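See below for the structure under consideration.
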Amino acid sequence: MTAQLIDGNAIAKAIHDELTQEVAALKARGVTPGLATVLVGDNTASQTYVRMKQKRCGEVGIYSEGHELPANVTQEEVEALVRKLNADPAINGILVQLPLPDHLDEEAILSAISLEKDVDGFHPINIGRLAMKGREALFAPCTPAGVIELLDRTGLPIAGKEAVVLGRSNIVGLPVSMLLLKRDATVTICHSRSRDLPAITRRADILVAAVGRAEMVKADWVKPGAVVIDVGINRVDDPSVKRGYRLVGDVDFESVKEVAGWLTPVPGGVGPMTIAMLLKNTVTAAKRACK
Ligand code: GUN
66 MTAQLIDGNA IAKAIHDELT QEVAALKARG VTPGLATVLV GDNTASQTYV
116 RMKQKRCGEV GIYSEGHELP ANVTQEEVEA LVRKLNADPA INGILVQLPL
166 PDHLDEEAIL SAISLEKDVD GFHPINIGRL AMKGREALFA PCTPAGVIEL
216 LDRTGLPIAG KEAVVLGRSN IVGLPVSMLL LKRDATVTIC HSRSRDLPAI
266 TRRADILVAA VGRAEMVKAD WVKPGAVVID VGINRVDDPS VKRGYRLVGD
316 VDFESVKEVA GWLTPVPGGV GPMTIAMLLK NTVTAAKRAC K
């Protein structure tokens, strides 16, 4: 059996096209959605992600401004910037790129973001609502929301399915588990300390791999026909290519594609969806602000 590929690039492009039209309609009414990014320090991966987010904003017509702060910035300075952006009517969404340097209090900074501008969905109140039955977060975190959107737009049902999430990070594993639960999946969260991981992941109708270990999920970890969503982005050395490394997911693509029913590639699966959902959240914030 060979899995069908879930094309994140194509699905993200469809969302970008929809948003481009929506932004044009908003601009015709005098409303330009605006996103502010806050980048602290010189983490090269974070710099790349933030640059890409700004580029995509420009492509769909969203105004964006980047704020870069040195690695030794104080807690008070970051919080003051966030408060300034909260008060700026040109800004509908504020994104503080994570991780932050160790000396900063991440929770306090994320808590300082106005709930209505929390387009990354990491404000503790939004996360708390995500974790509660019958409550709705104003925004869901972008990568987890992108996973759900990939399933929905591919027509793959979630309700009643056995979903297994491998990984328990604040950015992906925990929030995607909550979103799957809200959509009536039966959810198991497993992680590096779980016993007999393959036996757990083999139960999954929907397997979300978000553990950050290159090609950890092998063919015998996967139930035949399962939907496998690979959130991992790992660098592995590869002297045969010019830049010296290649990107692989948490799933061993070559072996798992022979077992799974559906599979996301890396790159080109979940990655582009993170930005698409950020843009979508920013447009939603702008629409709410002008109601
Ligand atoms: N770091 C890794 N993923 C993300 C994300 O989706 N948002 C932010 N702010 N930081 C991240």
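With positions in the sequence shown counted from 1, the corresponding number in the working numbering is that position plus 65.
Think of the CB as a built atom: it goes at the ideal place given N, C-alpha and C, for glycine as much as any other residue.
Note that the structure is a prediction, hence the values are computed from the model and not measured.
Inter-residue Cα distance where the pair is residue i and residue j
i: Ile340; j: Leu70; result: 20 angstroms
i: Asp303; j: Val331; result: 16 angstroms
i: Ile213; j: Ala90; result: 26 angstroms
i: Pro222; j: Ala152; result: 41 angstroms
i: Ile192; j: Leu160; result: 15 angstroms
i: Asp170; j: Asp107; result: 18 angstroms
i: Phe318; j: Glu280; result: 7 angstroms
i: Leu100; j: Ala264; result: 43 angstroms
i: Leu165; j: Asp295; result: 25 angstroms
i: Asp270; j: Gly199; result: 25 angstroms
i: Pro206; j: Ala145; result: 23 angstroms
i: Glu87; j: Arg308; result: 38 angstroms
i: Asn74; j: Gly336; result: 8 angstroms
i: Asn346; j: Ala275; result: 22 angstroms
i: Leu361; j: Ala224; result: Beyond the ends of the chain as shown, which are 66 and 356, falls residue 361; an answer cannot be given.
i: Ile254; j: Ser234; result: 11 angstroms
i: Phe204; j: Gly186; result: 5 angstroms
i: Thr349; j: Thr219; result: 23 angstroms
i: Arg268; j: Leu262; result: 10 angstroms
i: Ala351; j: Gly326; result: 38 angstroms
i: Met338; j: Leu215; result: 8 angstroms
i: Cys289; j: Lys322; result: Sequence inspection shows Pro at residue 289; the Cys mentioned does not correspond to that position. Answer to the nearest angstrom: the Cα atoms are 10 angstroms apart.
i: Leu245; j: Gly277; result: 20 angstroms
i: Lys283; j: Ser320; result: 7 angstroms
i: Ile127; j: Leu344; result: 8 angstroms
i: Gly232; j: Val287; result: 16 angstroms
i: Val313; j: Lys356; result: 43 angstroms
i: Glu172; j: Ser305; result: 42 angstroms
i: Val115; j: Val230; result: 26 angstroms
Heavy atom of the ligand GUN within 7 angstroms of residue i beta-carbon
i: Cys207; result: yes
i: Thr339; result: yes
i: Asp295; result: no
i: Leu160; result: yes
i: Asp167; result: no
i: Leu381; result: Residue coverage of the chain in this structure runs from 66 to 356, which leaves residue 381 outside it and unanswerable.
i: Asp185; result: yes
i: Ile163; result: The question names Ile, but residue 163 in the sequence shown is Leu. Checking the Cβ of Leu163 against the ligand GUN gives yes.
i: Ile236; result: yes
Counted within 10 angstroms of its Cβ, other Cβ atoms place residue i as buried (16 or more) or exposed
i: Pro154; result: exposed
i: His188; result: buried
i: Ala47; result: As shown, the chain starts at 66 and ends at 356. That puts residue 47 outside it, with no answer to give.
i: Met197; result: exposed
i: Arg353; result: exposed
i: Gln157; result: The identity of residue 157 in the sequence shown is Asn, whereas the question assumes Gln. Buried, because 16 or more other Cβ atoms sit within 10 Å of the Cβ of Asn157.
i: Pro98; result: buried
i: Arg194; result: buried
i: Arg260; result: exposed
i: Lys226; result: buried
i: Gly102; result: The amino acid occupying residue 102 in the given sequence is Thr; Gly does not appear at that position. Buried, because 16 or more other Cβ atoms sit within 10 Å of the Cβ of Thr102.
i: Gly95; result: exposed
i: Ser257; result: exposed
i: Ala68; result: buried
i: Asp183; result: buried
i: Asp217; result: exposed
Residue i beta carbon near the ligand SAH (any heavy atom closer than 7 angstroms)
i: Glu87; result: The ligand content of the structure shown is limited to the ligand GUN, which means the ligand SAH is not among them.
message = I'd like to know if the region 321-337 and the region 290-305 are in contact, where contact means that at least 3 CB-CB pairs between them fall below 8 angstroms.
response = yes
query = Are the region 203-220 and the region 241-249 touching by the rule of at least three beta carbon pairs closer than 8 angstroms?
reply = yes
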